[in-house]
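There are 2 protein chains.
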Amino acid sequence: MVEKRTFSISELSQEFDVTTRSIRFYEDQGLLKPRRRGQTRIFSTKDRVRLKLILRGKRMGFTLAETKELFDLWDETLTGNEKQLLKMLEILEARRAQLEQQKNDIAQAEMEMDTAEARCREALAELQKKKKEQGLVPKETEEAVAQK
Amino acid sequence: MVEKRTFSISELSQEFDVTTRSIRFYEDQGLLKPRRRGQTRIFSTKDRVRLKLILRGKRMGFTLAETKELFDLWDETLTGNEKQLLKMLEILEARRAQLEQQKNDIAQAEMEMDTAEARCREALAELQKKKKEQGLVPKETEEAVAQK
DNA sequence: GATAAAGTTTACGTAAACGTAAAGTGGTTT
DNA sequence: AAACCACTTTACGTTTACGTAAACTTTATC
Numbered sequence: 047m048v049e050k051r052t053f054s055i056s057e058l059s060q061e062f063d064v065t066t067r068s069i070r071f072y073e074d075q076g077l078l079k080p081r082r083r084g085q086t087r088i089f090s091t092k093d094r095v096r097l098k099l100i101l102r103g104k105r106m107g108f109t110l111a112e113t114k115e116l117f118d119l120w121d122e123t124l125t126g127n128e129k130q131l132l133k134m135l136e137i138l139e140a141r142r143a144q145l146e147q148q149k150n151d152i153a154q155a156e157m158e159m160d161t162a163e164a165r166c167r168e169a170l171a172e173l174q175k176k177k178k179e180q181g182l183v184p185k186e187t188e189e190a191v192a193q194k
Numbered sequence: 047m048v049e050k051r052t053f054s055i056s057e058l059s060q061e062f063d064v065t066t067r068s069i070r071f072y073e074d075q076g077l078l079k080p081r082r083r084g085q086t087r088i089f090s091t092k093d094r095v096r097l098k099l100i101l102r103g104k105r106m107g108f109t110l111a112e113t114k115e116l117f118d119l120w121d122e123t124l125t126g127n128e129k130q131l132l133k134m135l136e137i138l139e140a141r142r143a144q145l146e147q148q149k150n151d152i153a154q155a156e157m158e159m160d161t162a163e164a165r166c167r168e169a170l171a172e173l174q175k176k177k178k179e180q181g182l183v184p185k186e187t188e189e190a191v192a193q194k
């Protein structure tokens, strides 16, 4: 049960909601290496995984070049050369630092969004109060409201 | 104690490690609005905060246009219009969803990096073992090694 | 008052990541 | 066989986010 399927370019395009143009571009840049039947591309499950990684990388702010570097490095790493292995470990460390930074950024952003939301709700509540007052004491002029 | 300082373009440039070109560009795009003394820019603490937000936004994968949209919206929100307030709350919700996605992406990436690192270390251990064997049984040919 | 240091505008250049025709290939459905 | 579909290549266009000179003021320093 090894899921030995293959995929057409439009299948992947639909599944991941990217244009075929993008997929071809990723191949052009060396990030995907589909087989060919004639001139038609045939994507393996490995290609599919890589596409998923590419897109996630993008969401995380990686450039295609960075992602490609990781792919290439990982391929080289599999050959078992010691220098490559050590370099891979280094790069993994660097990425972890980057992820830590991103996590901090996200936490910060969440806090600020909390206070922003709170202020919005306060302001809305204020407006509701004003409305009620207007309901009770109608026809207050705009200028008078503004002066509060 | 309101920290009422101002900043020159190069001060900010150095503090946040961005080029003056970038800072001028951000102004050009309407993200910063420094005062002027003659034609020289004078940045307030508010500008400084915004610059920080711009850079964090970039690290989080936001475009300048998106960040500007948030700035503008927040400014409008402060005027207290109800429609603006509700729109702001909507956008905040959307951003939260985006942050959740990013957190998932990061968690996934961390897991994969864990297994990648483990494999690297295994491979390295294997190499060390091979080296020892070579030390004990020297002059093994490359072909023989490859056949294992 | 010359000269350097830091600031400015204007404007063309560039890399990344595709978009968008245009024109052709290969299979299959009617 | 005509028409249609999915796929292809080639190639120029576009947006974003600056880089990089060039030529010019303004301010500080010797």
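So the sequences go chain by chain: A and B. Residue numbering for the first sequence follows my numbering, beginning at 47 and increasing consecutively. Residue numbering for the second sequence follows my numbering, beginning at 47 and increasing consecutively. The C-beta atom is built at its ideal place from N, Cα and C for all residues, glycine as well. Treat the numbers as computed from the prediction; the structure is a model and nothing was measured.
Distance between A/F62 and B/K149 (C-alpha atoms, nearest Å): As a working mapping, residue 149 of chain B is identified with position 103 in the second sequence. As a working mapping, residue 62 of chain A is identified with position 16 in the first sequence. One C-alpha to the other measures close to 19 Å.
Residues within the segment 133-163 of chain B neighbouring chain A, beta-carbon criterion of under 8 Å: M134, L135, L138, R141, R142, L145, Q147, Q148, K149, D151, I152, Q154, A155, E156, M159, A162, E163
Chain A within 8 Å of B/L58, Cβ atoms only: Position 12 of the second sequence, counted from the start, is the residue given in the question as residue 58 of chain B. Chain A, which has no Cβ nearer than 8 Å to the Cβ of B/L58, makes this no.
Beta strand (DSSP E) segments (min. 3 residues) lying fully within the segment 74-159 of chain A: 81-83, 86-88
Closer than 8 Å at the beta carbon, the chain B residues around A/R102: Taking the first sequence and counting its residues from 1, one reaches residue 102 of chain A at position 56. Result: D151, Q154, A155.
Rounded distance between the beta-carbons of B/L58 and B/F89, thought under 8 Å: Locating residue 89 of chain B in the second sequence gives position 43, where the first residue counts as 1. Locating residue 58 of chain B in the second sequence gives position 12, where the first residue counts as 1. Indeed they touch by this definition, with Cβ atoms about 6 Å apart.
Where A/A164 falls, given that 16 or more other Cβ within 10 Å makes a residue buried: Along the first sequence, read from residue 1 onward, the residue named residue 164 of chain A stands at position 118. By the Cβ-count criterion, A/A164 is exposed, with fewer than 16 other Cβ atoms from all chains shown falling within 10 Å of its own Cβ.
Any C-beta of chain B under 8 Å from that of A/L110: Numbered from its first residue, the first sequence carries residue 110 of chain A at position 64. So, not an interface residue.
Reference A/D151, options B/G107, B/P80, B/S54, B/D93, closest by Cα: Reading the first sequence from its first residue, position 105 is the one you call residue 151 of chain A. Comparing alpha carbon positions, the residue from B/G107, B/P80, B/S54, B/D93 closest to A/D151 is B/G107.
Extent of the continuous alpha helix (DSSP H) run through B/F62: Numbered from 1 along the second sequence, position 16 holds the residue referred to as residue 62 of chain B. Segment 55-62, the alpha helix (DSSP H) holding B/F62.
Contacting residues, own chain, Cβ-Cβ under 7 Å from A/T123 (five flanking each side not counted): Against the first sequence, residue 123 of chain A aligns to sequence position 77. Around A/T123: Q130, L131, M134.
Chain B contacts made by the segment 78-93 of chain A, where a contact means CB separation under 7 Å: none
Status (buried if at least 16 other CB within 10 Å, exposed otherwise) for B/D93: Translated into positions along the second sequence, residue 93 of chain B becomes position 47. So B/D93 ends up on the buried side.
Nearest to A/F117 (by Cα), restricted to the options A/Q85, A/R105, A/L99: By 1-based counting over the first sequence, the position of residue 117 of chain A is 71. That would be A/L99, whose Cα lies nearest to the Cα of A/F117.
C-beta atoms of B/Q85 and A/R105 nearer than 8 Å: As a working note, residue 85 of chain B is residue 39 in the second sequence. As a working note, residue 105 of chain A is residue 59 in the first sequence. No.
Closer than 8 Å to chain A by CB, B/L199: No answer is possible for residue 199 of chain B: it lies beyond the span of chain B, which begins at 47 and ends at 194.
Of the residues A/E156, A/K175, A/Q60, the one placed nearest B/Q144, counting alpha carbons only: Taking the second sequence and counting its residues from 1, one reaches residue 144 of chain B at position 98. Here the closest residue by C-alpha is A/E156.
Alpha-carbon spacing of A/G76 relative to A/Q60, whole angstroms: Taking the first residue of the first sequence as 1, we reach residue 76 of chain A at position 30. Taking the first residue of the first sequence as 1, we reach residue 60 of chain A at position 14. Their Cα atoms are separated by approximately 21 Å.
Short Cβ contact (8 Å threshold) for B/S56 with B/T65: The count along the second sequence starts at 1 and reaches residue 56 of chain B at position 10. The count along the second sequence starts at 1 and reaches residue 65 of chain B at position 19. No, the Cβ-Cβ distance between B/S56 and B/T65 is not below 8 Å.
Of the listed residues A/L78, A/T125, A/R142, A/K177, nearest to A/R96 (C-alpha basis): On the first sequence, residue 96 of chain A is found 50 positions in, with the first residue counted as 1. With distances taken between Cα atoms, A/R96 lies closest to A/L78.
Interface partners of B/A169 on chain A, CB under 8 Å: For the purposes of this step, residue 169 of chain B is taken as residue 123 along the second sequence, with counting starting at 1. Against B/A169, the close residues of chain A are T123, G126, L131, in the order they occur along the chain (beta-carbon pairs closer than 8 Å).
Contact under 8 Å by Cβ, A/Q154 with B/R87: On the first sequence, residue 154 of chain A is found 108 positions in, with the first residue counted as 1. On the second sequence, residue 87 of chain B is found 41 positions in, with the first residue counted as 1. Not a contact, by the Cβ cut-off of 8 Å.
Beta-carbon separation (whole angstroms), A/L170 vs B/E128, contact threshold 8 Å: Taking the first sequence and counting its residues from 1, the one referred to as residue 170 of chain A is at position 124. Taking the second sequence and counting its residues from 1, the one referred to as residue 128 of chain B is at position 82. Yes, they are in contact, since the Cβ atoms of A/L170 and B/E128 sit about 7 Å apart, within 8 Å.
8 Å Cβ cutoff, B/L119 in contact with chain A: Here the question's residue 119 of chain B lines up with position 73 in the second sequence. Not one chain A Cβ lies under 8 Å of B/L119.
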